[in-house]
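J.: Before anything else, here's the structure in question.
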């Protein structure tokens with residue numbers, strides 16, 4: 002043995018020979034004498050190990066730690082290769098070369114042996130490193146060299162060169178196929194299939210997984226009878242599988258042991274099975290000039306194809322309700338004759354009936370196209386609602402595609418907007434904004450869509466309905482405008498009575514400034530007292546006013562005196578459409594009338610004629626002129642020395658004349674005479690009926706105040 006060790010230090014050599022007398026004695030009979038005499042190590046004895054018949058195919062085979070068929074030189078070679086591969090590790094680089102020779106040529110096959118030998122040689126050694134050394138020297142020989150360290154694949158160690166593994170022990174294999182310990186999850190990824198399964202940690206410290214595949218059935222009998230896919234230490238890998246049939250059956254077998262060599266020599270355990278139904282590939286979609294969708298794709302051999310369609314806003318997911326009729330399938334593709342307009346997504350699935358009778362579906366191959374249809378210019382029909390007066394029904398022919406939005410605006414959109422398709426941004430910039438969109442629900446009546454009971458704001462004098470046909474944000478068709486003329490009557494009318502005129506005040510018919518068009522006017526018609534309705538076809542307006550005049554004057558000033566016995570006034574809002582007036586319903590004012598009595602204080606002579614100078618003055622005649630007949634009117638004349646008296650009972654005033662007599666319309670009459678005197682002051686006539694409320698119907702018109710300054714007795 003010392004000859005085989007080669008050059009080593011004397012201290013090590015003496016330690017090997019004499020530090021452990023029991024070890025030297027044990028080695029003496031097994032060839033130490035021959036080594037010392039001939040310098041060559043004897044061949045180790047050949048020991049036959051009978052296979053155990055108590056374990057099944059899923060039970061790792063036991064390995065004797067004392068059996069090592071390799072020669073010592075092979076053990077040393079493996080230790081040196083291991084030390085070279087792990088040289089970057091500090092604890093491996095610190096190992097003396099002599100230790101590797103000792104471990105290789107002595108009967109050291111366990112971690113305890115390594116620790117004991119290192120303790121005798123005073124070489125530092127920990128239990129983990131001792132286990133690694135023991136694992137290297139105790140491996141069984143393999144017919145071929147073990148595969149190189151696998152390259153990481155998707156975060157796991159994966160090798161497509163499986164190496165050597167123990168086979169199934171058929172003498173202990175039970176009847177039927179092995180059952181997997183866990184399901185296998187498969188997912189198609191670029192370049193292969195993603196595989197995931199649960200880690201059977203209780204099988205052993207080192208677990209090597211063999212992934213195999215079959216096009217016929219699940220590989221649950223023997224992994225060597227299926228097509229090898231790869232070997233991995235991970236439970237999540239991306240296997241480079243390709244489609245050779247409609248479905249690929251996949252099995253995962255596990256070899257477990259205390260180390261890699263023991264694991265490879267252990268019988269395999271069937272841990273997972275699954276399958277992948279290959280999806281169609283290379284899907285192409287195209288919209289034809291007839292607005293159908295044509296598609297082509299590669300069909301997996303023997304698979305059945307189903308196409309599912311999803312419109313815009315629908316999340317594509319497996320849904321049998323979204324499946325198209327199988328009649329759309331044509332060879333290696335399909336033709337969708339009636340796709341929805343807009344963005345359309347298609348999911349193409351392949352399905353296969355498995356051996357157990359279940360139907361398995363592939364993952365989908367997805368594609369999206371946009372079907373565009375030119376929007377149309379939809380005309381609207383606007384008619385009064387028969388149930389709710391003042392409201393309207395809007396109807397239009399329902400288009401085959403797209404959405405319809407109806408707008409109501411007090412002003413007409415620009416001319417030419419409906420000549421071609423527009424973008425939604427342009428349509429909104431022309432006044433068809435969301436706040437003008439009708440919020441009413443729609444009702445489908447065959448090929449017609451109806452909105453019922455649309456109310457128009459009371460302050461609008463005009464209303465315009467416009468429909469837009471929306472196919473997309475950049476494809477909006479604007480329909481022709483339907484306008485309504487809605488003249489509104491003046492609001493809150495009042496009559497202000499002046500002595501010599503009347504003024505009608507009111508609020509302009511349209512409160513919305515946008516509705517105050519230049520052609521909106523207000524007309525006033527006259528009719529009999531207390532009449533609420535007036536036939537404007539037989540009446541002429543007594544006065545009219547434009548909005549500009551209204552702003553300037555604030556109301557209508559009647560230039561023609563209303564009848565003293567009263568009348569009714571009817572106010573209309575009027576809009577001219579194509580030269581013809583469109584009047585609102587009238588608002589009536591009842592005018593009770595008023596009698597105007599004008600008077601004068603006239604200086605007269607003795608013969609009753611007007612006096613021209615003070616010499617022939619005989620008195621002052623009080624004359625009156627009424628525009629209406631008064632059956633019995635009581636008038637008084639009062640005098641105030643300082644100012645015009647304000648009433649018959651004004652403090653400081655005295656009564657000069659009191660007369661009760663009827664008055665004839667439009668005839669000047671003399672009520673009486675006043676005697677001239679030295680008491681200067683203002684003289685004034687008042688109407689003084691017994692019931693003061695009657696004063697409102699008699700207006701007394703004063704003459705020039707200079708005529709009221711008189712000297713009386």
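Residue numbers (this note's numbering): 2 to 714.
Backbone N, C-alpha and C fix where the C-beta goes; we use that ideal spot for every residue, glycine too.
1. Taking the straight line between their C-alpha atoms, what separation do you get for residue 438 and residue 380?
2. CA-CA distance, residue 377 and residue 589?
3. Alpha carbon to alpha carbon, how far is residue 623 from residue 675?
4. Going by other Cβ atoms of all chains shown within 10 Å of its Cβ, with 16 needed for buried, is residue 687 buried or exposed?
5. Where does residue 633 land, buried or exposed, given buried means 16+ other C-beta within 10 angstroms?
6. When you compare the CB of residue 237 with every CB in chain C, is at least one pair closer than 8 Å?
7. Where does residue 180 fall in DSSP's three states?
8. How far does the beta strand (DSSP E) with residue 496 in it reach, from first residue to last?
9. With burial defined as no fewer than 16 other Cβ atoms inside 10 Å of the residue's Cβ, what is the status of residue 224: buried or exposed?
10. With 16 as the cutoff for other CB atoms within 10 Å, does residue 647 come out buried or exposed?
11. Between which two residues does the beta strand (DSSP E) harbouring residue 121 extend?
12. Thinking C-alpha only, which one of 528, 548, 547 is nearest residue 540?
13. Can the beta-carbon of residue 411 be found closer than 8 Å to that of residue 464?
14. Please go through the stretch 315–384 and give each complete alpha helix (DSSP H) segment of 4 or more residues, from N-terminal end onward.
15. Do you know whose CA, among 327, 328, 311, lies nearest residue 320's CA?
16. Is it the case that the Cβ atoms of residue 366 and residue 315 are separated by a distance below 8 Å?
17. According to DSSP, is residue 464 part of a helix, a strand, or is it coil?
18. Per DSSP, which residues does residue 573 bridge with? Please list them.
19. Please go through the same chain and pick out, in chain order, the residues whose beta-carbon is closer than 6 Å to the beta-carbon of residue 199, but skip the five residues on each side of it.
20. Assuming residue 668 is part of the alpha helix (DSSP H), what are its boundary residues?
21. Label residue 472 either buried or exposed according to how many other C-beta atoms from any shown protein chain fall within 10 Å of its C-beta, with 16 as the threshold for buried.
22. For a test of the three-state rule: what should DSSP assign to residue 36, helix, strand or coil?
23. Per the DSSP calculation, residue 1 is bridged to which residue(s)?
24. Along the beta strand (DSSP E) that carries residue 546, what are the first and last residues, could you check?
25. Where do the ends of the beta strand (DSSP E) carrying residue 408 lie?
26. So, under 8 Å CB-CB, residue 702 and residue 638 are touching, yes? Tell me the CB distance rounded to an integer number of Å.
27. When the Cα atoms are used, what is the spatial distance from residue 271 to residue 240?
28. Tell me where the beta strand (DSSP E) around residue 625 begins and ends.
29. Between 667, 601, 615, 673, which lies nearest to residue 685 when the distance is taken from Cα to Cα?
30. Candidates 595, 387, 243: which alpha carbon is nearest residue 694's?
31. Could you tell me which residues DSSP puts in a beta bridge with residue 197?
32. Under 8 Å Cβ to Cβ from residue 192, same chain only, skipping five residues before and after it: list those, please.
33. Could you pull the start and end residues of the beta strand (DSSP E) that residue 420 belongs to?
34. Evaluate residue 499 with the Cβ neighbour count: other Cβ atoms within 10 Å of its Cβ, from every protein chain shown; 16 or more gives buried, anything less gives exposed.
35. Just the Cα atoms here: how many angstroms apart are residue 650 and residue 696?
36. For residue 661, which residues does DSSP report across the bridge?
T.: Looking at the atomic coordinates:
1. 16 Å
2. 48 Å
3. 8 Å
4. buried
5. exposed
6. Given the protein chain composition of this structure (a single chain), no chain C is represented.
7. coil
8. 492–498
9. buried
10. exposed
11. No beta strand (DSSP E) contains residue 121, which is instead part of the alpha helix (DSSP H) from 112–122.
12. 528
13. yes
14. none
15. 311
16. no
17. strand
18. 524
19. 183
20. Careful: residue 668 lies outside any alpha helix (DSSP H) and carries neither H nor E.
21. buried
22. The predicted model places residue 36 with a pLDDT of 41, which falls under 50 and marks its position as unreliable, so this point remains unresolved.
23. Absent from the model: residue 1. The displayed extent of the chain is 2 to 714, so no value can be given.
24. 544–547
25. 404–410
26. The pair is not a contact, with the Cβ atoms about 15 Å apart (cut-off 8 Å).
27. 18 Å
28. 620–627
29. 601
30. 595
31. 186, 237
32. 239, 241
33. Per DSSP, residue 420 belongs to no beta strand (DSSP E) and is neither H nor E.
34. exposed
35. 15 Å
36. 635
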